[in-house]
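Undergrad:
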Ligand code: GAF
């Protein structure tokens, strides 16, 4: 069997056994995610409609009798990281092990008792694609470190600890969407999440449609700084409206202060207010299997991300247009997914049109933009705690 054909669990188990000299006792998995609609709404206390997908991160592990953590990263040339839970947990230059260090640090700070562990980690969520490889890693490590010592955690609390790891240890000021869907995903469903109450409502997907993800393979630059700037703009609009989050704003309220705020802040806020409305409408359309409405909302969401929030790039806009050109009488739609500035386009395509849409993108995207796309046909899967 080649490395490609081996399951994640087999790859992790081989690596574990060869590095640590004995087989692992436990295996854990967390999926990645794709967001169908509701972008940059999570940190505004708003609504999102993502699904967990059949790409993810697997950790195999065994408890140790001391306080050492040893981990092997299959995706990073089998690099080994090591630290001690009884010593101060510091950052490492290797990048990947900071997620493990950060998760252990947050769990200890939250009062959980942890034991030493040996772990091997492997994932197939494409990096830098906006499909949440980092959040999957955080959530699976939280489960692994706790369950190895017979402790458990509520999925929502795990999501919050994952987000805290990202915000405080990794230093990325991200919202709660990714960790929540990874914890609460449901097979064959998207999940409507209220990012204020943290309640989740599964919405069935239709077997007649496929989730087709097109990776633009655009290298994402300045993502962190642009993300933080967007957050600050949203907060500036909320402050001017004397509300805590844009979730509580309406377009009438925003239009009332239009003359008093910068035009850019106005557009950023307009994206968030209208995106929240679109997300709720999209969940209703999905429930009603109204694929024309869903397609229209996805198109409007993309335009809003392009013109108002300004987080798309020309190859991504081009990809969306190519897909839209082929989506016909069955409905369905396409939009950029994730934080922006590159990454992926998510599309919902009727089964009868999947081949045609993919062929159209293949025939035109690289010719126009000089980059080759990657296509993933995904299933919605259960979250890490199912
Ligand atoms: C990234 C963040 F991690 C999420 O919290 C969310 O804000 C998303 O960008 C944009 O919708 O994935």
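Residue numbers (full-length UniProt numbering): 1 to 386.
Just so you know, even glycine gets a beta-carbon here, dropped at the ideal spot from N, CA and C.
Everything numeric in this text was worked out from a predicted model, so none of it was measured.
Tell me the rounded alpha-carbon separation between residue 33 and residue 194.
TA: 17 Å
Undergrad: Considering only the alpha carbon of each residue, which of 210, 214, 191, 196 lies closest to residue 203?
TA: 191
Undergrad: Roughly how many angstroms separate the alpha carbons of residue 269 and residue 163, rounded to a whole number?
TA: 23 Å
Undergrad: Output needed for residue 161: all residues of its chain with C-beta closer than 7 Å, excluding positions within five of it in sequence on either side, in chain order.
TA: 106, 107, 110, 142
Undergrad: Near residue 264, which residues of its chain fall below 8 Å by C-beta distance, leaving aside the five closest residues on each side in sequence?
TA: Exclusion of the five residues before and after residue 264 leaves 233 as the residues of its chain whose Cβ lies within less than 8 Å of its Cβ.
Undergrad: Using a 10 Å radius around the Cβ and a threshold of 16 neighbouring Cβ atoms, would you call residue 1 buried or exposed?
TA: Because residue 1 carries a pLDDT of 40, less than 50, the predicted location of this residue cannot be relied on, and no value is offered for it.
Undergrad: Alpha carbon to alpha carbon, what distance is there between residue 297 and residue 362?
TA: 25 Å
Undergrad: Exposed or buried, what is residue 251 when buried is set at 16 or more other beta-carbons lying within 10 Å of its beta-carbon?
TA: exposed
Undergrad: If you draw a straight line from the C-alpha of residue 213 to the C-alpha of residue 157, how long is it?
TA: 29 Å
Undergrad: My understanding is that residue 57 touches residue 121, with C-beta atoms under 8 Å, so please give their C-beta distance in whole angstroms.
TA: 7 Å
Undergrad: Go through its chain and collect everything with a Cβ distance to residue 25's Cβ below 6 Å, but skip five positions before and after it.
TA: 62
Undergrad: Do you know how far the Cα of residue 197 is from the Cα of residue 247?
TA: 12 Å
Undergrad: For residue 65, is the classification buried or exposed, using 16 other Cβ atoms within 10 angstroms of its Cβ as the cut-off for buried?
TA: exposed
Undergrad: Is it right to say residue 275 is buried, meaning 16 or more other beta carbons lie within 10 angstroms of its own, or is it exposed?
TA: It is buried - the Cβ of residue 275 has at least 16 other Cβ atoms within 10 Å.
Undergrad: Going by the CB atoms, is the gap between residue 38 and residue 344 shorter than 8 Å?
TA: no
Undergrad: With three or more beta-carbon pairs closer than 8 Å as the criterion, would you say the region 133-141 touches the region 95-105?
TA: Segments in contact, yes.
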